[in-house]
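Participant: Here numbering that gives the first Met the number 0 is used: the first residue of the sequence shown is 0, the next is one more, and so on. Heads up, the beta-carbon is just placed ideally off N, CA and C, and yes, glycines get one too. Computed from a prediction, not measured in an experiment: that's the story for all the values here. Quick one: the structure is below, questions incoming.
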Amino acid sequence: MPLYLSRFSYTPETWARLISHPEDRAKAARSYIESVGGKLHGFWYAFGTRDGYNLWEAPDNVSMASVALAISGGGALSSFETTVLLTVDETLEALSKAGQIQYRPPGA
């Protein structure tokens with residue numbers, strides 16, 4: 000199954016709610032991905048550009064997109080970005096296929 004890395008930031012209102020009522024949001028994240036047949040591999044908070052990071056496994060892009068859309072539409076986040084992660088073997092295959100494409104730069 001493909002892996003996905005998500006980066007998120009909470010709204011100030013969400014932080015205020017979590018300060019008033021602390022809760023383990025990894026449990027919620029786990030239930031979201033498991034509902035589409037996936038797995039949560041990690042949930043981390045950070046200080047810096049983003050408030051947190053998740054590492055997910057999902058059956059396919061549509062399943063992960065459905066989780067991302069549900070989370071994004073919930074209103075608790077000010078940003079949510081997900082990146083599809085490629086294995087080394089997938090990257091090697093892509094590199095091999097890229098060598099067969101006759102790319103032409105703009106204006107060339």
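Grouping DSSP H, G and I as helix and E and B as strand, with all else coil, what is R103?
Facilitator: coil
Participant: Please indicate yes or no: does the CB of H20 lie closer than 6 Å to some heavy atom of the ligand FMN?
Facilitator: Absence of the ligand FMN from the depicted structure is noted, as is the absence of any ligand whatsoever, leaving it without description.
Participant: Please classify I18: is it buried, with 16 or more other beta-carbons within 10 angstroms of its beta-carbon, or exposed?
Facilitator: Under this definition I18 is an exposed residue.
Participant: Around the Cβ of D23, are there at least 16 other Cβ atoms within 10 angstroms (buried) or fewer (exposed)?
Facilitator: Exposed is the call here.
Participant: Do L39 and W55 have their C-beta atoms within less than 7 Å of each other?
Facilitator: yes
Participant: For a minimum of 4 consecutive residues, which ranges assigned as the alpha helix (DSSP H) are wholly contained in the stretch 23 to 84?
Facilitator: 24 to 33, 60 to 71
Participant: Who are the Cβ neighbours of Y31 in its own chain at under 7 Å, not counting the five residues just before and after it?
Facilitator: V66, A69, I70
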